[in-house]
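This report refers to the structure that appears directly beneath it.
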Amino acid sequence: MYDNKGSNKSATKCDTCPVRAEGPCKAACVAGIARLAGGSFVSNYAKGETIVPQGDDCLHVGILVSGVVRVTNTTAEGRHMVVAILEHGSMIGSLTEPRSRFAYEAASPAVVCTMQRQTFVSILKAFPEVSLRVLELMHRQAEEVQEWLTLFNGRTALERLAGYLHALALGRHAEEDGVIVLDVPVGRKDLAAYLGTTPETLSRSFQQLARGDILTVVNGRRVVISNIRKLGWVAGNSGNELLSILHGHGEHREAAGVAPDATLHRAA
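Here's what the structure looks like:
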């Protein structure tokens with residue numbers, strides 16, 4: 001459940017908000033910004049804290065200002081799945097469902113700009129340009145989940161990991177050919193769940209990439225990629241497809257082909 005742990009003073013908070021150019025506020029006029037600022041408050045969450053429990057009443061919506069949020073689904077059989085990983089600028093909660101179909105949990109310390117759903121809906125009715133922006137964001141997030149669930153069908157754990165790291169690296173570091181220091185937004189357990197594998201298999205996949213002189217594992221979240229082109233080869237097409245998913249359907253970037261390495265096989 002959302003908790004008002006912060007301030008609702010609206011003087012200049014939107015002017016200094018780091019995600020104003022990314023979230024629904026991007027399209028708002030001066031009057032719209034004033035309404036959004038006046039009706040919102042900032043909530044802070046510790047790592048591991050639940051923001052919205054699965055099945056909870058959808059009384060609030062939020063915009064992720066900083067941190068990482070995992071979106072999870074627990075089935076009736078008790079299977080726990082990570083269906084999305086949200087970063088700054090993403091929408092949290094539902095505008096249409098009476099109860100949340102998913103749980104939203106802080107995968108790192110997170111800051112969320114929170115608003116009562118009724119208040120937010122009234123703003124959307126008054127400012128159509130904000131409505132269109134919200135529609136765009138929510139449609140994109142829904143597409144990302146759908147594409148993610150179908151993208152890795154038939155791929156090995158190694159290909160999934162390589163595709164994820166390749167897309168993450170290209171999205172954050174453009175077309176760099178040199179050494180890339182990459183911080184993965186979630187820990188190994190969450191990443192394994194997100195990639196549809198186990199932590200043990202994920203660890204073996206990291207080791208395979210390391211033995212192939214593609215990357216060096218610094219710690220649980222940081223890797224140093226020394227050969228982005230070879231990483232792209234291991235990923236196959238998944239890296240380019242993932243790039244659009246992880247970075248808002250941006251322009252696809254293609255990595256040049258690399259000959260297979262005798263010490264690295266695409267089968268996990």
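Residues in the sequence shown are numbered consecutively from 1, following the UniProt record's numbering. Cβ coordinates follow ideal geometry from the N, Cα and C atoms, glycine included.
Which listed residue (the options) has its alpha carbon closest to that of residue i
i           : options                        : result
Ser66       : Gly55, Ala46, Ala76            : Ala46
Gln141      : Phe41, Ala235, Glu22, Leu86    : Leu86
Pro109      : Val186, Val217, Leu170, Ala34  : Val186
Met91       : Gly178, Glu136, Arg79          : Glu136
residue 276 : Leu165, Ile225, Ile33, Ala192  : For residue 276 there is no data in the structure shown, the boundaries of the chain being 1 and 268.
Glu219      : Leu170, Glu143, His139, Arg188 : Going by the sequence as given, residue 219 is Asn instead of Glu. With distances taken between Cα atoms, Asn219 lies closest to Arg188.
Asn227      : Gly196, Thr197, Leu170         : Leu170
Thr75       : Ile63, Gly55, Gln207, Pro128   : Gly55
residue 296 : Phe152, Met138, Thr198         : Because the chain in this structure spans residues 1 to 268, residue 296 falls outside the shown range and cannot be described.
Leu165      : Leu64, Thr216, Ile33           : Thr216
Leu64       : Gly38, Arg211, Met115          : Met115
Ile33       : Gly48, Phe120, Glu200          : Phe120
His139      : Leu95, Ser122, Ile123, Pro128  : Leu95
Ser122      : Gly38, Gly212, Gln208, Arg211  : Gly38
Leu209      : Asp190, Tyr194, Trp233         : Trp233
Beta-carbon proximity of residue i to residue j, cut-off 7 Å
i      : j      : result
Ser205 : Leu158 : yes
Ala235 : Gly163 : yes
Val61  : Arg70  : no
Leu202 : Ile214 : no
Arg117 : Leu59  : yes
Val130 : Pro24  : yes
Val112 : Ser43  : yes
Gly89  : Glu22  : yes
Arg221 : Val179 : no
Glu105 : Thr16  : no
Cross-strand partners of residue i (DSSP beta bridge)
i      : result
Ile63  : Met91, Cys113
Asn44  : Val111
Leu86  : Val69
Asp57  : Arg99
Ala106 : Val69
Val130 : Answer is none; Val130 lacks a bridge partner.
Met81  : Asn73
Val52  : Tyr104
Anticipated Cβ contact below 8 Å, residue i with residue j, distance rounded
i      : j      : result
Ala84  : Val145 : 5 Å
Leu182 : Ile225 : 6 Å
Arg20  : Cys14  : 6 Å
Ala103 : Val52  : 6 Å
Arg99  : Asp57  : 6 Å
Ala27  : Leu132 : 7 Å
Gly196 : Phe152 : 6 Å
Sequence ranges, beta strand (DSSP E) only - wholly within the UniProt domain "HTH crp-type" (155-229), length at least 3
180-183, 215-217, 222-225
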